[in-house]
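Residues 172 to 557 in our numbering are what the sequence shown lists, from first letter to last.
Every residue, glycine too, gets a C-beta built ideally from N, C-alpha and C.
Quantities reported herein were computed from a predicted structural model and do not represent experimental measurements.
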Amino acid sequence: MIPIVDRASAESIAPFWRMPFRPFFWGGALWSMVALLIWQASLSGWQLPALRVGIAWHSHEMLFGFAAAVVVGFLGTAMQTWTGIPSPKGPQLMSLVGLWLLARLGYLVAAVPLWMPVVAEVSFFLLAAFLLGARVLRTKQWRNLFVLPAMLAFAGLAACHWLLPGAQSRVALMALLLVTGIILVIGGRVIPFFTARRFHLSPREKLPLVEWGTHISVVLLLLSVALDLPRIVWALLALSLGVLQLIRVLRWHPTKIWAEPMVWSLHLSYWLVILGCFLAALAWSGVAPAWQSPALHAFAVGGIGGLILAMTSRVSLGHTGRILQAPRLMPLAFAALALSALARIFWAPAPSGFLAAIIAWVLGYSLFLIYYTPVLFQPRVDGHPG
């Protein structure tokens, strides 16, 4: 659909607040590095009594503070294209970012009562659900209605992660699978399209059994974790999800992608999600229980972290009217995220493995901020609003 935008109204707003991708891509990238450096300091034995640092804080900030915030920025931006209704901007967008930032600071500072950042974060996701869901309902874009339950699920999981200490690990796993499921839905739409468009190929028809199987497997896996069903059920669902994604990617012209960093970065991250599915199946089946943490970090670092870097790099260029060409050192950034994932999967828990994974992540997202801060803070180069 063609969005209807009041140019005069849009141009009265500072560029940074004109579209959700701008503050959330920038803030999410920056916060991911800050959170990981604080986490590394804690792992290295630094005493940080003024900060609420621990494994729960680490997992929460990477899932809700980083990944979910970037998802909100991406979906909030895509909503304008999908529905034809302008995305949240100006005061609405500032309110969203303000709630997100209050939650980040509140969770970090130990002296802040825990209920305060919980309220701020739940309010952030509920406001996002309202702003995005209303646009879908108004235009009857039922295909995109998944954004409403996704935002509500984020709100519930964010609260439960802190308010139910006995269930923290299971809630974190559900949040991880929720984000992974969202990127599988979005990736399944955009990766084959971007690949075919870049190399002037005819996109292959989607296989309904694979597409529906993917969506159903994600939902069933989430439900099996939520209901705490036997681990063998988790394993079988993870295995089916991995097989379905393997069929998917093999139909996306994987041999033709290596000349274009903006494309191979997407594929490489998606392959790491598949690796995570198979490792999770091995761990949850009891064949190799020690592989659970590597499996989850294949999802988190390689899949989510890598795909977010690849997608934000592309979306930031496209939505600011720039040529879709990776800046000179961005291929290094994409490779760094893959190396971060491999270090976390195969090298950790050795302390040097943790350190290597964090250094590689910080390198990748530092390059993103160096190249994309001017892009995200400046107006579109083609003169259009947005």
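Would you report the Cα separation of residue i and residue j, rounded to the nearest angstrom?
i: I173; j: P498; result: Because the pLDDT at I173 is just 47, under 50, the model does not fix this residue reliably, and the value given afterwards should be weighed accordingly. Roughly 29 angstroms between the two C-alpha positions.
i: W442; j: S183; result: 43 angstroms
i: P320; j: F470; result: 21 angstroms
i: W455; j: P336; result: 22 angstroms
i: L323; j: I530; result: 34 angstroms
i: A299; j: L334; result: 22 angstroms
i: L219; j: I226; result: 14 angstroms
i: L437; j: Q339; result: 30 angstroms
i: L349; j: A409; result: 13 angstroms
i: P502; j: P284; result: 42 angstroms
i: S213; j: L207; result: 10 angstroms
i: L500; j: A452; result: 36 angstroms
i: H371; j: R485; result: 18 angstroms
i: T366; j: V434; result: 6 angstroms
i: I428; j: P520; result: 33 angstroms
i: V307; j: M250; result: 8 angstroms
i: L302; j: L246; result: 11 angstroms
i: L407; j: M265; result: 43 angstroms
i: R189; j: S294; result: 21 angstroms
Quick one: is residue i near chain B, going by C-beta distance under 8 angstroms?
i: W202; result: Protein chain content of the structure displayed is limited to a single chain, and chain B is not contained in it.
Of the residues the options, which one's Cα is nearest the Cα of residue i?
i: I209; options: L279, P259, A330, L267; result: L279
i: G222; options: W455, Q549, L276, L410; result: The amino acid at residue 222 is misidentified as Gly; the sequence shows Leu. Nearest option by C-alpha distance: L276.
i: R551; options: S487, A466, I541, V381; result: S487
i: L412; options: L264, L450, A514, M233; result: L450
i: V144; options: P262, L272, W253; result: This structure cannot speak to residue 144, because the chain is shown only from 172 to 557.
i: V241; options: W228, W271, V414; result: W271
i: L439; options: V205, A249, A506, Q263; result: A506
i: V420; options: I445, P186, Y536, A274; result: I445
i: E382; options: V414, V404, R368, R369; result: V414
i: I353; options: G535, L478, A504; result: L478
i: A282; options: V293, R515, V224, C448; result: V224
Quick check on the DSSP output: the alpha helix (DSSP H) that includes residue i runs from which residue to which?
i: F301; result: 286-310
i: H386; result: 379-397
i: P522; result: 522-548
i: G244; result: 239-254
i: R551; result: No alpha helix (DSSP H) contains R551, which DSSP labels as neither H nor E.
i: Q496; result: Careful: Q496 lies outside any alpha helix (DSSP H) and carries neither H nor E.
i: R419; result: 402-421
i: V361; result: 339-369
i: G489; result: 477-489
i: G327; result: 318-334
i: I445; result: 432-455
Name the DSSP beta bridge partners of residue i, please?
i: L222; result: V280
Exercise for review: Specify whether the stretch 194-212 and the stretch 508-516 touch according to this definition: at least 3 beta carbon pairs, one from each stretch, less than 8 angstroms apart.
Suggested key: Result no; under three Cβ-Cβ pairs closer than 8 angstroms.
Practice item. Inspect the CB distances between the stretch 372-379 and the stretch 390-407 and report whether three or more fall short of 8 angstroms. Key: The stretch 372-379 and the stretch 390-407 do not touch, with fewer than 3 CB-CB distances between them shorter than 8 angstroms.
Practice item. Mind the definition here: the stretch 545-554 touches the stretch 487-495 only if three or more C-beta pairs lie below 8 angstroms; say whether that holds. Key: In short, these stretches touch, since the Cβ pair count reaches three.
Exercise for review: For the stretch 400-416 and the stretch 327-335, state whether three or more C-beta atom pairs, one from each stretch, are separated by less than 8 angstroms.
Suggested key: Touching, no, given that fewer than three Cβ pairs across the two stretches are closer than 8 angstroms.
Check your understanding: Does the stretch 460-467 come close enough to the stretch 424-439 that 3 or more CB-CB pairs lie under 8 angstroms?
Key -> In this structure the stretch 424-439 does not lie against the stretch 460-467, because fewer than three pairs of beta carbons, one per stretch, are closer than 8 angstroms.
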